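Novice: According to this note's numbering, the stretch in the sequence shown is residues 1 to 381, in order.
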Amino acid sequence: MELTNEEIRRYSRHLILPEVGLAGQKRIKAASVLCIGAGGLGSPIAMYLAAAGVGKIGIVDFDTVDYSNLQRQILHTDADVGRSKAESAKETIRGINPNVEVVIHNTRISSENALDLIRPYDIVVDGTDNFPTRYLTNDACVLLKKPNVYGSIFRFEGQASVFAPHLGGPCYRCLYPEPPPPGMVPSCAEGGVLGVLPGIIGCIQATEILKLAIGRGSSLVGRLLLFNALDMKFRELKLRRDPQCPVCGEHPTIKELIDYEMFCGIAPESQPAANPDEVTVQEMKKALDDPSLGIKVVDVREAFEYEIARVEGVPLLPMSELRSRFTELDPNTQYYLLCKVGARSHSAMEFLREQGFKYVKNVKDGINAWSDEIDRSVPRY
Ligand SMILES: [Zn+2]
Numbered sequence: 001m002e003l004t005n006e007e008i009r010r011y012s013r014h015l016i017l018p019e020v021g022l023a024g025q026k027r028i029k030a031a032s033v034l035c036i037g038a039g040g041l042g043s044p045i046a047m048y049l050a051a052a053g054v055g056k057i058g059i060v061d062f063d064t065v066d067y068s069n070l071q072r073q074i075l076h077t078d079a080d081v082g083r084s085k086a087e088s089a090k091e092t093i094r095g096i097n098p099n100v101e102v103v104i105h106n107t108r109i110s111s112e113n114a115l116d117l118i119r120p121y122d123i124v125v126d127g128t129d130n131f132p133t134r135y136l137t138n139d140a141c142v143l144l145k146k147p148n149v150y151g152s153i154f155r156f157e158g159q160a161s162v163f164a165p166h167l168g169g170p171c172y173r174c175l176y177p178e179p180p181p182p183g184m185v186p187s188c189a190e191g192g193v194l195g196v197l198p199g200i201i202g203c204i205q206a207t208e209i210l211k212l213a214i215g216r217g218s219s220l221v222g223r224l225l226l227f228n229a230l231d232m233k234f235r236e237l238k239l240r241r242d243p244q245c246p247v248c249g250e251h252p253t254i255k256e257l258i259d260y261e262m263f264c265g266i267a268p269e270s271q272p273a274a275n276p277d278e279v280t281v282q283e284m285k286k287a288l289d290d291p292s293l294g295i296k297v298v299d300v301r302e303a304f305e306y307e308i309a310r311v312e313g314v315p316l317l318p319m320s321e322l323r324s325r326f327t328e329l330d331p332n333t334q335y336y337l338l339c340k341v342g343a344r345s346h347s348a349m350e351f352l353r354e355q356g357f358k359y360v361k362n363v364k365d366g367i368n369a370w371s372d373e374i375d376r377s378v379p380r381y
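(1) Under 5 Å, CB to any heavy atom of ligand 1. Which residues pass, going along the chain?
(2) Do three or more CB pairs link the region 111–131 to the region 14–29 at distances below 8 Å?
(3) Can you tell me the Cα-Cα spacing of Gln159 and Val341, whole angstroms?
(4) With distances taken Cα to Cα, identify the nearest neighbour of Gln34 among Pro147, Arg94, Gln71.
(5) Candidates Ala164, Leu210, Gly183, Glu101: which alpha carbon is nearest Val247's?
(6) Identify, in the order they occur along the chain, each residue of the same chain with its Cβ nearer than 8 Å to the Cβ of Pro181, setting aside the five sequence neighbours on each side.
(7) Buried or exposed, going by whether 16 or more other CB atoms sit within 10 Å of the CB of Ile47?
(8) Any contact of the region 164–177 with the region 332–347, i.e. 3+ C-beta pairs under 8 Å?
(9) At which residues does the alpha helix (DSSP H) containing Asp126 begin and terminate?
(10) Is Leu49 near Ile57, with beta carbons less than 8 Å apart?
(11) Note the first and the last residue of the continuous alpha helix (DSSP H) segment covering Val196.
(12) Using a threshold of 8 Å, state whether the C-beta atoms of Leu322 and Val297 are closer than that.
(13) Report the partner residues of Thr64 according to the DSSP bridge assignment.
(14) Excluding sequence positions up to five away, which residues of its chain have a Cβ less than 7 Å from the Cβ of Val378?
(15) Is Gln25 helix, strand or coil by DSSP?
(16) Taking the Cβ atom as the reference point for each residue, do Ala86 and Ile104 lie within a distance shorter than 8 Å?
(17) Inspect the CB distances between the region 63–77 and the region 118–133 and report whether three or more fall short of 8 Å.
(18) Can you say whether Arg344 is buried or exposed, counting buried as having 16 or more other CB atoms within 10 angstroms of its CB?
(19) Looking only at C-alpha atoms, which of Glu190, Pro177, Ala51 sits nearest to Ser68?
(20) If Arg223 sits next to Ser161, beta carbons under 8 Å apart, how far is it from one beta carbon to the other, in whole angstroms?
(21) Tell me the rounded alpha-carbon separation between Pro186 and Ser347.
(22) Excluding five sequence neighbours on each side, which residues of the same chain lie with their C-beta closer than 7 Å to the C-beta of Thr64?
(23) Should Ala206 and Pro44 be called a contact, given that it needs their Cβ atoms to be closer than 8 Å?
(24) Comparing alpha-carbon positions, which option in Asp375, Met349, Ile200 lies nearest Val279?
(25) My output table needs one value for His346: the three-state DSSP class, helix, strand or coil.
(26) Could you tell me the boundaries of the alpha helix (DSSP H) in which Glu307 lies?
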């Protein structure tokens, strides 16, 4: 592995660092990194790794660029809205450093393809935003003995670590043996995220990748770094490998990839069997259009969300006030509950049923579906 004169000039600030030097830069060039997700975390990761001269960067993403991504996903520009994220990422990376080989995988990572996707790479970086993919990435990396550079973000808080049982550290399952019940942990789409936060956590992940590549410094193996942007504080937890861990422990029970949607309690998308607890936005429209049906629609989002987008004629009863205010509702009336994507309204429905409300249903996919399918003048956020 040699560096051209152009590369020597490009990487000169690395080459004069004794800890990197010519040998380290050659190791960076020889390295290959698979970036799972070209979103908030994937953006700074891919851009800094490209600038630093990582020889091969793989990008796995099946999504397209949406306006709501641009607040933090700096791989993509306004002109990329509607394009494939993987394609857009490739173009940005090539613009930063044409020496980098970019391989795009315009697909959803799954139990069927994960091992084949990951096998050709030295290091995997987790830039995903959902639990099934996080457990899938973890298990595939443990099985293939690849370091898994982990990061996650929510609202103003983020965390990062390096999972590598083959290097003596724990894996993601040692830390979180069980996924949270579905709907319990809101996603960034539901809970929001400060735009710069993935920049900070993604840069920590990119730093760890470069350190792994050059083999210098103390990595985050065995440590969980916690960051709070509002308080501007970093904390650190020591992590230990769990000998009972089902995938990296002494007697592993998971020896091949499983069904991660099922493991995380999420019904597979291919079975949209009518859920008796759910109604569609079309059914919600019928209820609003025909008061003689006696069905009331209630919005359980928070007041600041109601200010951003609302459906005419739907009153607000925020989830945060439901416990103290549910007595304002009539347990014998039929209610359809609306939130942003259908997760909080599902929890609200369960709560009201526990209080003796018999006729409560959840509006599937929330006000976002209303905006997509019924009334485009309602902003999607
Ligand atoms: Zn483990």
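In this text, a Cβ means the ideal position worked out from N, Cα and C, and glycines have one as well. Every value quoted in this text rests on a predicted model; they were computed, and no experiment measured them.
Specialist: Considering the structure as presented:
(1) Those residues are Cys171, Arg173, Cys174, Cys245, Cys248, given in chain order.
(2) Between the region 111–131 and the region 14–29, the count of C-beta pairs closer than 8 Å stays below three; the two stretches do not touch.
(3) Working through the sequence shown from its first residue, we reach residue 159 at position 159. Working through the sequence shown from its first residue, we reach residue 341 at position 341. Computed Cα separation, rounded: 25 Å.
(4) For the purposes of this step, residue 34 is taken as the residue at position 34 of the sequence shown. First, the residue type needs correcting, since residue 34 is Leu and not Gln in the sequence shown. Ranked by Cα distance from Leu34, the options Pro147, Arg94, Gln71 are led by Pro147.
(5) The residue labelled residue 247 in the question sits at position 247 within the sequence shown. Its Cα nearest to that of Val247, the residue Ala164 stands out among Ala164, Leu210, Gly183, Glu101.
(6) Here residue 181 refers to the residue found at position 181 when the sequence shown is read from its first residue. So the qualifying residues of the chain are Gly265.
(7) Position 47 of the sequence shown, counting from 1, holds the residue named residue 47. A small correction: the amino acid at residue 47 is Met; Ile does not occupy that position in the sequence shown. When all chains shown are included, Met47 counts as buried.
(8) They do not touch, by the three-pair rule.
(9) Counted from its first residue, the sequence shown places residue 126 at position 126. Element bounds for Asp126: not the alpha helix (DSSP H) but the beta strand (DSSP E), 123–126.
(10) Position 49 of the sequence shown, counting from 1, holds the residue named residue 49. Position 57 of the sequence shown, counting from 1, holds the residue named residue 57. The Cβ atoms of Leu49 and Ile57 sit closer than 8 Å to each other.
(11) Here residue 196 refers to the residue found at position 196 of the sequence shown. Per DSSP, Val196 belongs to no alpha helix (DSSP H) and is neither H nor E.
(12) Counted from its first residue, the sequence shown places residue 322 at position 322. Counted from its first residue, the sequence shown places residue 297 at position 297. It is not a contact, given that the beta carbons lie outside the stated cut-off.
(13) In the sequence shown, residue 64 corresponds to position 64, counting from 1. When beta bridges are read from the DSSP output, Thr64 appears opposite Ser84.
(14) If you number the sequence shown from 1, residue 378 lands on position 378. Within the same chain, Cβ atoms closer than 7 Å to the Cβ of Val378 are found at Ala309, Val311, Ile367, Trp370, Ser371, the five residues on either side in sequence being excluded.
(15) For the purposes of this step, residue 25 is identified with residue 25 of the sequence shown, where counting begins at 1. In the structure shown, Gln25 sits in a helix (DSSP, three-state: H, G or I).
(16) In the sequence shown, the residue the question calls residue 86 occupies position 86. In the sequence shown, the residue the question calls residue 104 occupies position 104. Here Ala86 is near Ile104, since their CB atoms are less than 8 Å apart.
(17) Put simply, the region 63–77 does not touch the region 118–133. Fewer than three CB pairs are less than 8 Å apart.
(18) To locate residue 344, count along the sequence shown from 1; it is residue 344. Counting of Cβ neighbours within 10 angstroms places Arg344 among the buried residues, the total reaching 16 or more.
(19) If you number the sequence shown from 1, residue 68 lands on position 68. Taking each of Glu190, Pro177, Ala51 in turn and checking the Cα distance to Ser68, the smallest one comes out for Glu190.
(20) Here residue 223 corresponds to residue number 223 of the sequence shown, with the count starting at 1. Here residue 161 corresponds to residue number 161 of the sequence shown, with the count starting at 1. Indeed they touch by this definition, with Cβ atoms about 6 Å apart.
(21) Taking the sequence shown and counting its residues from 1, one reaches residue 186 at position 186. Taking the sequence shown and counting its residues from 1, one reaches residue 347 at position 347. Our two residues, Pro186 and Ser347, have alpha carbons roughly 11 Å apart in a direct line.
(22) In the sequence shown, counting from the first residue as 1, residue 64 sits at position 64. Once the five neighbours on either side are set aside, the close Cβ partners of Thr64 are Gly82, Arg83, Ser84, Lys85.
(23) Taking the sequence shown and counting its residues from 1, the one referred to as residue 206 is at position 206. Taking the sequence shown and counting its residues from 1, the one referred to as residue 44 is at position 44. Annotated as proximal: Ala206 and Pro44, with beta-carbon spacing under 8 Å.
(24) The residue labelled residue 279 in the question sits at position 279 within the sequence shown. Of the candidates Asp375, Met349, Ile200, the residue whose Cα lies closest to the Cα of Val279 is Met349.
(25) Taking the sequence shown and counting its residues from 1, the one referred to as residue 346 is at position 346. Note: His346 maps to helix in three-state DSSP.
(26) As a position in the sequence shown, residue 307 is number 307, starting the count at 1. Per DSSP, Glu307 belongs to the alpha helix (DSSP H) from 303–308.
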